[in-house]
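Here the structure comes first, spelled out in structure tokens, and everything after it is commentary.
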Amino acid sequence: MKNKYSIFSLIKNAFSYHENWEKAWKDPSPKKEYDAVIVGGGGHGLATAYYLAKKHGMTNIAVVEKGWIGGGNTGRNTTIIRSNYLWDASAGLYDHALKIWEGLSQELNYNVMFSQRGVMNLAHNLQDVRDLKRRTHANRLNGIDAVYLSTEEVKKFCPIINTSPNIRYPVLGGTLQRRAGTARHDAVAWGYARGADAMGVDIIQNCEVKGIKRNGDAVEGIETTKGFIKTKKIGVVAAGHSSVIANMAGIRLPLESKPLQALVSEPVKPIIDTVVMSNAVHAYISQSDKGELVIGAGTDDYVSYTQKGSHDIVEGTLNAILELYPIFSRMKMLRQWGGIVDICPDASPIISKTSIKGLYFNCGWGTGGFKATPGSGDLFAHTIANDEPHKLNAAFNINRFVSGDLVDEHGAAAVAH
Amino acid sequence: MFVINCPYCGEREQSEFKAGGEAHIVRPKQPTELSDDEWAEYLFMRKNIKGIQYERWNHAHGCRKWFNMVRDTSNDEIKAVYKMGEKPPTI
């Protein structure tokens with residue numbers, strides 16, 4: 003890396019009032035041709051480019067982004083990272099990501115503020131208790147840390163939770179993954195962008211893809227707002243807009259794009275030092291390092307690309323939050339926003355080749371893609387470089403919707419998708 | 016959030032309704048003859064359009080009747096509402 007961040011570079015730059023820091027990544031114009039082009043400059047796309055360059059030696063590549071780096075869902079999620087998924091295929095995928103998270107700041111020389119503060123999932127009825135216990139066992143068989151907690155243990159781990167048996171949805175227990183936690187989502191995009199740029203990857207912002215040029219069953223390049231770019235390999239990581247890109251290439255995807263909302267409160271002193279999620283009442287909450295409560299709501303049930311979402315969804319989530327945490331009844335909310343998430347029928351992602359040679363899709367992450375960012379990038383890079391999936395993402399191919407071999411994580415993954 | 020003009024009840028808040036997804040997906044006449052690809056197409060593949068979409072809605076907290084709607088998914092503007100069985104308007 004050209005300019006390593008360290009205590010010494012910090013001191014050195016302090017003498018020039020921090021005005022002479024080198025740009026973290028360049029702002030190049032697109033070349034005529036690349037070995038591969040990644041469509042979408044979010045966390046997953048940048049991670050893909052990083053691992054293509056680092057592990058597969060493909061440095062003559064570009065990332066094209068219609069807005070700015072990390073301005074989409076990367077900067078809109080609630081930053082939760084966990085790997086306590088039910089099925090073997092998902093457990094392999096998400097725990098692969100979690101293992102990379104554990105060393106990511108060191109690897110990127112960029113502090114992604116990964117904090118293993120634990121993620122707790124609550125049970126509110128007898129079926130929840132059974133499901134969560136089953137998932138705990140499944141996790142442990144897959145080598146993922148998971149413990150089941152009684153109501154008293156939940157209260158001990160997070161004292162502000164209302165565990166009264168007299169509330170509408172009482173807390174009957176919960177699971178805890180201690181290795182899980184949060185990270186600073188912007189830093190993940192910036193860290194991967196800086197790392198990829200240092201290896202020669204062109205990161206081209208404000209460059210929207212307008213068309214995909216095909217020659218028979220193979221891709222030839224992309225039409226963009228900055229002109230035509232020739233390439234034999236296109237990796238699409240466009241999240242909510244995946245179907246739009248697929249349409250340009252003339253293929254169909256099993257996706258629906260819907261608004262998912264989140265909101266943050268005014269900043270307060272530390273009050274909740276873990277992440278608590280609740281499937282049955284659909285509310286999840288954590289506290290950022292700035293002190294804001296970060297609250298995740300649900301998706302709307304209609305297709306929309308508006309990044310807004312309906313008010314009743316937020317209202318329902320806050321009702322649940324207030325019943326579980328009466329201490330927050332006087333908190334003021336600062337901001338609310340929506341992101342467009344692409345949801346698969348089985349609530350599992352697609353990291354796959356397509357029927358068109360040289361066209362790859364990484365999509366369908368739905369409401370839970372952030373946690374997988376490093377693993378997704380690593381496995382997608384492997385798939386693009388070798389034209390074959392890695393064994394960890396083989397189950398997540400597009401063809402599963404034809405074969406019927408779905409990875410059904412709807413509800414089973416401890417939070418509603 | 017928007018207001019929907021239910022063809023049976025008139026204007027109501029969208030939160031009274033349940034979205035039913037893409038409209039005019041025809042159920043296969045001979046399901047036993049379908050190939051796996053055709054099943055996948057019918058069950059899972061969706062247009063997921065950014066722009067004018069034809070879709071089904073149900074007035075779940077009202078008359079509970081199904082109807083069709085044409086909506087621009089890029090700005091949630093409703094272009095037309097029509098009853099089940101009626102010919103879809105061209106927008």
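From first to last, the protein sequence lines stand for chains Z and L.
Letter by letter, the first sequence follows residues 3 to 419 in the numbering used here.
Letter by letter, the second sequence follows residues 16 to 106 in the numbering used here.
Where is the CB? At the ideal position from N, CA and C, for every residue including glycine.
Judged by DSSP secondary structure, Phe32(L) falls outside any alpha helix (DSSP H); it is assigned neither H nor E. At a C-beta separation below 8 Å, Thr47(L) has no neighbours in chain Z, since its nearest C-beta there lies roughly 16 Å away.
Straight-line measurement puts the Cα of Asp204(Z) at about 9 Å from the Cα of Ala51(Z). Using a Cβ-Cβ cut-off of 8 Å, Ser405(Z) counts as an interface residue toward chain L, since at least one Cβ of chain L sits closer than that to its own. Gln118(Z): not part of any alpha helix (DSSP H); DSSP gives it neither H nor E.
Rounded to the nearest angstrom, the gap between the Cα atoms of Leu336(Z) and Thr76(Z) is 20 Å.
One finds Arg61, Asn63 in chain L with Cβ atoms closer than 7 Å to the Cβ of Leu257(Z), taken in chain order. Here the C-alpha atom of Ala38(L) lies approximately 38 Å from the C-alpha atom of Asp380(Z). Segment contact: the region 351-365 of chain Z against the region 238-249 of chain Z, three or more CB-CB distances shorter than 8 Å; contact assigned.
Near chain L, meaning a CB-to-CB distance below 7 Å, the residues of the region 306-332 of chain Z are Ser306, Tyr307, Thr308, Ser312, His313, Asp314. Rounded to the nearest whole angstrom, the C-alpha separation of Glu258(Z) and Arg42(L) is 19 Å. By the 16-neighbour rule on beta-carbons within 10 angstroms, Trp70(Z) is exposed. For Pro347(Z), the neighbours in chain L by C-beta distance under 8 Å run, in chain order, Leu58, Phe59. For Asp147(Z) and Gly45(Z), the gap between their C-alpha atoms comes out near 26 Å. For Ser312(Z), the CB contacts under 6 Å within the same chain, skipping 5 residues up- and downstream, are Asp302 in chain order. Using a Cβ-Cβ cut-off of 8 Å, Val246(Z) counts as an interface residue toward chain L, since at least one Cβ of chain L sits closer than that to its own.
Residue range 295-301 is occupied by the beta strand (DSSP E) that includes Ile297(Z). With contacts defined by Cβ atoms closer than 8 Å, Thr153(Z) and Thr165(Z) form a contacting pair. The DSSP-derived three-state label of Ile106(L) is coil. Close to Thr105(L), with beta-carbon spacing below 9 Å, lies no residue of chain Z; the smallest spacing is near 20 Å. Across the region 152-171 of chain Z, no CB contact with chain L closer than 8 Å is found for any residue. Between the beta-carbon of Lys260(Z) and that of Val305(Z) there is about 6 Å, and that keeps the pair under the 8 Å contact cut.
For Glu154(Z), the secondary structure class from DSSP, reduced to helix, strand or coil, is helix. When the beta-carbon positions are compared, Asp348(Z) and His412(Z) come within less than 8 Å of each other.
Rounded to whole angstroms, Arg186(Z) and Met115(Z) show a C-alpha spacing of 5 Å. Here the C-alpha atom of Val96(L) lies approximately 49 Å from the C-alpha atom of Trp27(Z). Within the region 72-100 of chain L, Thr88, Ser89, Asn90, Asp91 place their CB atoms closer than 7 Å to a CB of chain Z, listed in sequence order. Per DSSP, reduced to three states, the secondary structure at Ile214(Z) is strand. Nearest to Gly368(Z) by alpha-carbon distance, out of Gly300(Z), Val39(Z), Glu222(Z), is Gly300(Z).
A Cβ of chain Z is located within less than 8 Å of the beta carbon of Ala55(L). Among the residues facing chain Z, Ala38(L) is not included, as its CB has no counterpart in that chain under 8 Å away. Within the region 365-391 of chain Z, the alpha helix (DSSP H) runs of at least 4 residues that lie entirely inside it are, in chain order, 375-388. Rounded to whole angstroms, the separation of the alpha carbons of Ala55(L) and Arg254(Z) is 11 Å.
In the structure shown, Thr308(Z) falls within a coil segment according to DSSP collapsed to helix, strand and coil.
Cβ atoms of Pro22(L) and Lys102(L) stay farther apart than 8 Å, at about 14 Å. If only uninterrupted beta strand (DSSP E) runs of at least 3 residues are considered, those enclosed by the region 219-247 of chain Z are 220-226, 229-233, 236-238.
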